Amino acid sequence: MQIITLLAGLLLLITPAQAEELDSIAAVVNNEAITCSEIKQDAETMLSQLRQSGSTFLPAVSELSQRSLDGRIVKTLQQQEARKLELSVSDEELGAAIKNVASSNNLSIEQLKEALKQQGMDFDEYRRNLREQILSNKLINMAVRSKIQVSEEAIQEYYRKYMADPKPRREAQIAQIFISLPAEPTPEQLTSTRQKVRLIRQQLLGGKDFGQMVAIYSEAPDRQQQGVMGWFMQGGVAQRFSSVLDMPVGQISEPIRSPSGFHIMKVMAERWKDPEATAESYDEVHARHILLKVPSFADDDTKTKIRLRAESIARDLQGSSDEAFAARAKEDSQGPSAANGGDLGWFKKGAMVPAFETAAFALKAGETSGIVESPFGFHIIRLVARRHIDPNSLEAHRDQIQQILNNVETQEQMPRWTASLRASADIEVRSCPGFANAQVLPQDPNDSDAAMEIRTTAELNATLASWKRAWEHQDAAAYFAHYSDQFKVPGQFPNLTAWKAARSKYITGKGFIRITIKDIKVTRLDETHARVEFTQQYQSDDASSSDLKLFLMEKTGNDWKITREMAAVPAA
106 MQIITLLAGL
116 LLLITPAQAE
126 ELDSIAAVVN
136 NEAITCSEIK
146 QDAETMLSQL
156 RQSGSTFLPA
166 VSELSQRSLD
176 GRIVKTLQQQ
186 EARKLELSVS
196 DEELGAAIKN
206 VASSNNLSIE
216 QLKEALKQQG
226 MDFDEYRRNL
236 REQILSNKLI
246 NMAVRSKIQV
256 SEEAIQEYYR
266 KYMADPKPRR
276 EAQIAQIFIS
286 LPAEPTPEQL
296 TSTRQKVRLI
306 RQQLLGGKDF
316 GQMVAIYSEA
326 PDRQQQGVMG
336 WFMQGGVAQR
346 FSSVLDMPVG
356 QISEPIRSPS
366 GFHIMKVMAE
376 RWKDPEATAE
386 SYDEVHARHI
396 LLKVPSFADD
406 DTKTKIRLRA
416 ESIARDLQGS
426 SDEAFAARAK
436 EDSQGPSAAN
446 GGDLGWFKKG
456 AMVPAFETAA
466 FALKAGETSG
476 IVESPFGFHI
486 IRLVARRHID
496 PNSLEAHRDQ
506 IQQILNNVET
516 QEQMPRWTAS
526 LRASADIEVR
536 SCPGFANAQV
546 LPQDPNDSDA
556 AMEIRTTAEL
566 NATLASWKRA
576 WEHQDAAAYF
586 AHYSDQFKVP
596 GQFPNLTAWK
606 AARSKYITGK
616 GFIRITIKDI
626 KVTRLDETHA
636 RVEFTQQYQS
646 DDASSSDLKL
656 FLMEKTGNDW
666 KITREMAAVP
676 AA
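Just add 105 to the spot in the sequence shown (first one is 1) and you have my numbering.
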């Protein structure tokens, strides 16, 4: 039995001394705060899910915090976008979705509640998360899917290659680990990300569980489903991923580059789908309708008034044109198709409730019905056209093909759309006590010098990026957290406190700060010590400089700390 798994809230038992820590701000997204307690809660939930899955490889909460933060930022941006577009999820929609979940698992609502309880999920929290999921789907449909145009040539090509000559076809269930890249990555960012992806794949080949690695590293929304993207046939994924569909079950792909990042994919399962048995031809009709709803609580007088209004509209539209009917539907219809002039598209028998279906198929093209009563209310139906369909023809498969190709393009556009939301947003990332907002880096299953070099370089590049980010955000606490307690202060300062006071003048109180780092050279001295050289360009509202920097770094636990810092002005 599978039940939609959504993040459940954890009951955090805190003392007054902990309250300040949990109420700290992790990030501000367009003036909307994300708290450290939310990040910690999400990270603890992921850790709990890994434990429940039987994982023997349990990362620290601090390692999961970045995944939590990234997810919260994207979620906040999507919720803000939904509010701009005035999207919402009604109680009726939510109730229908819950009934569908229960029905698909052969459960009653009470049995669903009990099943969730056994999984440690609170039903109210489940409802909230399901509402958010439905809202996210609505947003994606409006902001991404609705803007995709599938060409007639693409539909015909898909039909010719995969459906014109029916034969058994393999479907593969695909899961992914996705590591994002900026829209225009620097060479350093590209190198660092490639190294990270390579190390993740090495761990997978070494036997690490794919689902657990998804939870720790993947940046795609499907990480909540252990990275599972769904079932796909050839033609159902972007061309760059098509080779994955030929892999055997259990195989892990090489890293695949896309415009938005790197993907590591795995075939989780396979199944073969036989061609549908040759069916008899059938009729389809294309109809519009106007719906006047009758509330469930309406008394006889109210229902009579609605019926009389429907009869009046039906009389007005007898003999009218299709354009006139569509215009009236936009004005008077109370159904979801009203905005499209009541257009229901093409449908065959069995797709509509019996009363509506009988009336629609009894009409001739261009005719308008009288009132038709159904459980939804009173309908006035106009038949636009009818046609006879060969079940093996392109027309019989057109809607299915269009949906498949739309899904393919949505796969391509989703990361770009998410990146555009982030690029246009004002996002300020801060630091949370107890863990660092740093890149999560994989541990190499091999101890070879080459692998250690790759891992060390990736870790130090991530630390340098975190140090730079703290400086640009003028977050003194996060900035100084990158320095070791044994940091050797320059000779002109009597102690570490004096040095921090002097350095604070350059990292706080500015209108803006921009730091550019390039020409990074990492030299690993031993397992816990390294030297990092780079060119640093500093610019603020009142100063600018360029320096050659040298950091001596020491690894303490999982973190690299600066033990010594030296600078020189580059030669002209």
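Note that beta-carbon positions come from the ideal geometry of N, C-alpha and C, so glycine has one too. Here the structure is a predicted model, which means the values were calculated and not measured.
Bridge partner(s) assigned by DSSP for W377
DSSP lists R275 as partners of W377.
Rounded to the nearest angstrom, what separates T409 and N211 at their Cα positions?
Between the C-alpha atoms of T409 and N211 there is a straight-line separation of about 39 Å.
Quick one: is the Cβ of Q185 within less than 7 Å of any heavy atom of the ligand COA?
Looking for the ligand COA in the displayed structure turns up nothing, as the structure carries no ligands at all.
A113 to N512, Cα distance in whole Å?
In this prediction, A113 scores a pLDDT of 31, lower than 50, which makes its location untrustworthy; no coordinate-derived value is stated.
With I622 as the anchor, note down where its beta strand (DSSP E) starts and where it stops.
It spans 618-631 - the beta strand (DSSP E) in which I622 sits, taken as one unbroken run.
Just the Cα atoms here: how many angstroms apart are K660 and I667?
If I take the Cα positions, the gap works out to 9 Å.
Do you know offhand how far A543's Cα is from K272's?
Confidence at A543 is low in this model, with a pLDDT of 46, below 50, so the placement of that residue is unreliable and no value is reported for it.
Using the DSSP secondary-structure output, state which residues sit across from R636 in a beta bridge.
Bridge partners of R636: T628, L657.
Are H394 and G447 touching if we call contact CB-CB under 8 Å?
Taking 8 Å as the Cβ cut-off, H394 and G447 qualify as a contacting pair.
Using the Cα positions of E126 and A570, report the straight-line distance between them to the nearest angstrom.
Note on E126: pLDDT 42, under 50, position unreliable in the model; the coordinate value appears next. Across the structure, E126 and A570 are spaced so that their CA atoms are roughly 24 Å apart.
Just checking my contact of A581 with I612 at CB under 8 Å: how many whole Å lie between their CB atoms?
The pair is a contact, with the Cβ atoms about 6 Å apart (cut-off 8 Å).
According to the Cβ coordinates, are N135 and Q183 closer than 8 Å?
It is not a contact, given that the beta carbons lie outside the stated cut-off.
Which term fits A465, buried or exposed, when burial requires 16 or more other beta carbons within 10 angstroms of its beta carbon?
The residue is buried, with at least 16 neighbouring Cβ atoms inside 10 Å.
May I ask you to report which of helix, strand or coil DSSP gives Q308?
In the three-state scheme derived from DSSP, where H, G and I count as helix and E and B as strand, Q308 is classed as helix.
Leaving out five residues on either side along the sequence, give the residues of the same chain with a beta carbon under 6 Å from the beta carbon of K626.
Taken in chain order, the residues that qualify are E638.
Contacting residues, own chain, Cβ-Cβ under 8 Å from M247 (five flanking each side not counted)
For M247, where only same-chain residues beyond five positions count, the Cβ hits under 8 Å are L190, L192.
Using CA coordinates, which residue listed in V390, D495, S241 is at the minimum distance from K469?
Among V390, D495, S241, the Cα nearest to that of K469 is on V390.
Between the C-alpha atoms of G332 and I369, what's the straight-line distance to the nearest angstrom?
Between the C-alpha atoms of G332 and I369 there is a straight-line separation of about 10 Å.
Backbone CA spacing between R265 and S347 [nearest angstrom]:
Pairing R265 with S347, the inter-Cα distance amounts to about 18 Å.
With a cut-off of 8 Å on the beta carbons, I'd call A419 and G475 a contact; round off their distance for me.
So it is a contact: roughly 5 Å between Cβ atoms.
Buried or exposed: which applies to S256, given that a residue is buried once 16 or more other Cβ atoms fall within 10 Å of its Cβ?
S256 comes out exposed.
In the DSSP assignment, the alpha helix (DSSP H) including L422 goes from what residue to what residue?
Counting along the chain, the alpha helix (DSSP H) containing L422 begins and ends at 405-422.
Start and end residues, alpha helix (DSSP H) containing Y588:
Unbroken run through Y588: none, as it is neither H nor E.
Compare the Cα-Cα distances from S72 to each of S498, G440, L657, Q644 and report the closest residue.
Because residue 72 is not part of the residues shown, which for the chain are 106 to 677, the question remains open.
Could you check whether the stretch 214-233 touches the stretch 481-500, counting it as contact only if at least three pairs of C-beta atoms, one from each stretch, sit closer than 8 Å?
In this structure the stretch 214-233 does not lie against the stretch 481-500, because fewer than three pairs of beta carbons, one per stretch, are closer than 8 Å.
Near P353, what residues of its chain come up, given a Cβ to Cβ distance below 7 Å and the 5 sequence neighbours on each side ignored?
Excluding positions up to five away in sequence, the list reads V372.
Decide yes or no for the touch test of the stretch 132-149 against the stretch 172-181: beta carbon pairs closer than 8 Å, at least 3 of them.
Remark: three or more beta-carbon pairs, one from each stretch, lie closer than 8 Å, so the stretch 132-149 and the stretch 172-181 are flagged as touching.
Is the beta carbon of I214 closer than 8 Å to that of A220?
In this structure, I214 does not lie closer than 8 Å to A220 by Cβ.
Which residue or residues does DSSP assign as beta-bridge partners of K243?
DSSP lists no partner for K243.
For the candidate residues D437, M151, N663, P364, whose alpha-carbon lies nearest to that of L397?
The candidate whose alpha carbon is nearest that of L397 is D437.
Should I506 and K573 be called a contact, given that it needs their Cβ atoms to be closer than 8 Å?
8 Å or more divides the Cβ of I506 from the Cβ of K573.
Between F618 and Y643, what straight-line distance do the alpha-carbon atoms span, to the nearest angstrom?
Per the sequence shown, residue 618 should be read as Ile rather than Phe. Our two residues, I618 and Y643, have alpha carbons roughly 7 Å apart in a direct line.
Does DSSP put I130 in a helix, a strand or coil?
DSSP, reduced to helix, strand and coil, places I130 within a strand of the structure shown.
Boundaries of the alpha helix (DSSP H) in which E198 is found, first to last residue
Its alpha helix (DSSP H) spans residues 196-209.
With A325 as the anchor, note down where its alpha helix (DSSP H) starts and where it stops.
Taken as a continuous stretch (DSSP letters only), A325 belongs to no alpha helix (DSSP H), as it is neither H nor E.
Can you name the residues that DSSP bridges to V333?
DSSP output for V333 lists A280 as bridge partner(s).
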